[in-house]
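Student: Attaching a single structure in structure tokens format; questions to follow.
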Amino acid sequence: MPDHLLLNGKKFFLDEVQYYSFRESIPIDGYEAKTLEFCKNWLQGVQEFPVQTSGSTGIPKFMELPRDRMEASARRTLRLFSLQPEDRVLVCLNTEYIAGMMMLVRGLVGNLHMTIIEPIGNPLASVGPEPQFDFMALVPLQLQTILEQTPEHLTKLNSMKAILLGGAAVSKSLEEAVQALEVPVYQSYGMTETISHIAVRRLNGEEKTDYYTAPPEVTLGQDKRGCLTISADVTGGETLETNDLVELLENNSFRWLGRADNTINSGGVKVQLEKVEAALGEALSGMGISRRYFAAALPDETLGERLIAVLEGSPLTEVEESNLKGKLSESLSKYETPKQFGYLPRLPETATGKIDRRSGLTLL
Numbered sequence: 010m011p012d013h014l015l016l017n018g019k020k021f022f023l024d025e026v027q028y029y030s031f032r033e034s035i036p037i038d039g040y041e042a043k044t045l046e047f048c049k050n051w052l053q054g055v056q057e058f059p060v061q062t063s064g065s066t067g068i069p070k071f072m073e074l075p076r077d078r079m080e081a082s083a084r085r086t087l088r089l090f091s092l093q094p095e096d097r098v099l100v101c102l103n104t105e106y107i108a109g110m111m112m113l114v115r116g117l118v119g120n121l122h123m124t125i126i127e128p129i130g131n132p133l134a135s136v137g138p139e140p141q142f143d144f145m146a147l148v149p150l151q152l153q154t155i156l157e158q159t160p161e162h163l164t165k166l167n168s169m170k171a172i173l174l175g176g177a178a179v180s181k182s183l184e185e186a187v188q189a190l191e192v193p194v195y196q197s198y199g200m201t202e203t204i205s206h207i208a209v210r211r212l213n214g215e216e217k218t219d220y221y222t223a224p225p226e227v228t229l230g231q232d233k234r235g236c237l238t239i240s241a242d243v244t245g246g247e248t249l250e251t252n253d254l255v256e257l258l259e260n261n262s263f264r265w266l267g268r269a270d271n272t273i274n275s276g277g278v279k280v281q282l283e284k285v286e287a288a289l290g291e292a293l294s295g296m297g298i299s300r301r302y303f304a305a306a307l308p309d310e311t312l313g314e315r316l317i318a319v320l321e322g323s324p325l326t327e328v329e330e331s332n333l334k335g336k337l338s339e340s341l342s343k344y345e346t347p348k349q350f351g352y353l354p355r356l357p358e359t360a361t362g363k364i365d366r367r368s369g370l371t372l373l
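Heads up, the sequence shown is in the numbering used here, so the first residue is 10 and it goes up one at a time.
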């Protein structure tokens, strides 16, 4: 079984981590200290762990997560991706938030070899050509950066058991790019309250789907708004009401439609921002344009809320904007088509790498 972990290239033996006996012998920075502190507490049997929500859809808050629920979530992931003791995983998500924290738990519960690095855009660029991994969880932008900047890593990616994407929407251009990968790529559905993912959908290969599937032990339902409800071991058997509008399907599956709090009212017509963003991705991809974007609403005296699209990077030319509007009108109604386009040099992100719509609007 693994007796150590690698953190930013430094080897820490688990027995010294458990008793935190390395402070004077190995210099560590703040991120490393917090990561090792979590591992120490886990190895010492601490029963509750504080974690902060990302704040992408509301005010960030701290929660206390019970150890037994975190273990249940970790074991479900280990089973889902057939991870065995001594498999090698790359931990490259922020360990102060649920996605990175649960990678640590999976490693400790599953006796996996963990290589941990501070989150960067291209995590494979900092680990060198030698290490080979069996599993890693990434935000979509990290995988896109790997594919665009270091295509020499394709062989390494294709020998893995799985890649799990989460934390943000998968763009149309990235979904097209992963079709060339042999490694199974999955998009996750979950949140801090469900202690990471409770359902996944396959993005590539013959098993590709446009819906998420949860394991049998997770009970799915809908409230009167049409939003998903979840009951499972990770919720303590209680029913958790989400703000995610879904279409429930057979076999414990659902199709995600968007967030209830991302429904705007423009001219008396309800518009779902995620539908607009999906069309934006299709249209930009069809024009050969690869950049990030989001849809949002601004106050409007006549319409109540005015739909806009914000793109990352320099402004499109008038011809490109006109072509984009034309493509959008093919799949969206006039109420769902953005009334204007805004541009930002770089879209703001939350601490977990999600596009921050609210902050973005304040920068326009």
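Note that the Cβ used here is the ideal one computed from N, Cα and C, for glycine as well.
Please report how far the alpha carbon of K284 lies from the alpha carbon of G267, in whole angstroms.
Tutor: Spanning the two alpha carbons is a distance of roughly 8 angstroms.
Student: Measuring alpha carbon to alpha carbon, tell me which residue in L341, I273 and S275 is nearest E291.
Tutor: Checking every option, the nearest Cα to that of E291 belongs to L341.
Student: Could you name each continuous beta strand (DSSP E) segment of 3 residues or more that falls completely within the segment 216-276, going from the start of the chain to the end?
Tutor: Correct list: 228-231, 236-240, 248-258, 262-268 and 272-275.
Student: If you follow the beta strand (DSSP E) that M200 is in, where does it begin and where does it stop?
Tutor: Here the beta strand (DSSP E) through M200 covers V194 to M200.
Student: Looking only at C-alpha atoms, which of Q158, G362, E185 and V209 sits nearest to G297?
Tutor: Here the closest residue by C-alpha is E185.
Student: Can L113 and L156 be called in contact, C-beta distance under 9 angstroms?
Tutor: No. Outside cutoff.
Student: Roughly how many angstroms separate the alpha carbons of P11 and P140, rounded to a whole number?
Tutor: Their backbone Cα atoms lie some 15 angstroms apart in a straight line.
Student: Classify S205: buried if its beta carbon has 16 or more other beta carbons within 10 angstroms, exposed otherwise.
Tutor: So S205 counts as buried.
Student: Around the Cβ of L373, are there at least 16 other Cβ atoms within 10 angstroms (buried) or fewer (exposed)?
Tutor: Per the 10 Å Cβ criterion, exposed.
Student: For E95 and L121, what's the separation of their Cα atoms in angstroms?
Tutor: C-alpha separation (whole angstroms): 5 angstroms.
Student: Should I239 be labelled buried (16 or more other beta-carbon atoms within 10 Å of its own) or exposed?
Tutor: With 16 or more other Cβ atoms within 10 Å, it is buried.
Student: Check whether the Cβ atoms of E256 and M72 sit closer than 9 angstroms, and answer yes or no.
Tutor: Cβ atoms of E256 and M72: not closer than 9 angstroms.
Student: In the DSSP assignment, find the beta strand (DSSP E) that holds E321 and state where it starts and stops.
Tutor: Taken as a continuous stretch (DSSP letters only), the beta strand (DSSP E) holding E321 covers G313 to E321.
Student: Using the Cα positions of K170 and T62, report the straight-line distance between them to the nearest angstrom.
Tutor: So the two alpha carbons sit approximately 29 angstroms from each other.
Student: For K279, which beta-bridge partners are listed by DSSP?
Tutor: Bridge partners of K279: N274.
Student: Can you say whether F22 is buried or exposed, counting buried as having 16 or more other CB atoms within 10 angstroms of its CB?
Tutor: Its Cβ having fewer than 16 others within 10 Å, F22 is exposed.
Student: Skipping 5 residues on each side, what residues in its chain have a beta carbon closer than 6 angstroms to that of D232?
Tutor: Excluding residues within five positions, the ones whose Cβ falls inside 6 angstroms are T238 and E250.
Student: Please classify D365: is it buried, with 16 or more other beta-carbons within 10 angstroms of its beta-carbon, or exposed?
Tutor: Per the 10 Å Cβ criterion, buried.
Student: State the Cα-Cα distance for the pair I317 and E310, rounded to the nearest angstrom.
Tutor: One C-alpha to the other measures close to 15 angstroms.
Student: Rounded to a whole number of angstroms, what is the C-alpha to C-alpha distance between A305 and V55?
Tutor: Cα to Cα, A305 sits roughly 42 angstroms from V55.
Student: Pick out whichever of L166, L307 and N131 has its Cα sitting closest to the Cα of Q158.
Tutor: Nearest of L166, L307 and N131 to Q158, Cα basis: N131.
Student: Could you tell me the alpha carbon to alpha carbon distance between T104 and A42, rounded to whole angstroms?
Tutor: For T104 and A42, the distance between alpha carbons rounds to 11 angstroms.
Student: Between the alpha carbons of N260 and T222, how many angstroms are there, rounded?
Tutor: Their Cα atoms are separated by approximately 7 angstroms.
Student: Along the chain, where does the alpha helix (DSSP H) containing Q27 start, and where does it finish?
Tutor: Here the alpha helix (DSSP H) through Q27 covers L23 to Y28.
Student: Quick one: what does DSSP say Q158 is sitting in, helix, strand or coil?
Tutor: DSSP places Q158 in helix when its eight states are reduced to three.
Student: Just how far apart, CA to CA, sit I273 and R355?
Tutor: Approximately 24 angstroms, taken between the alpha carbons.
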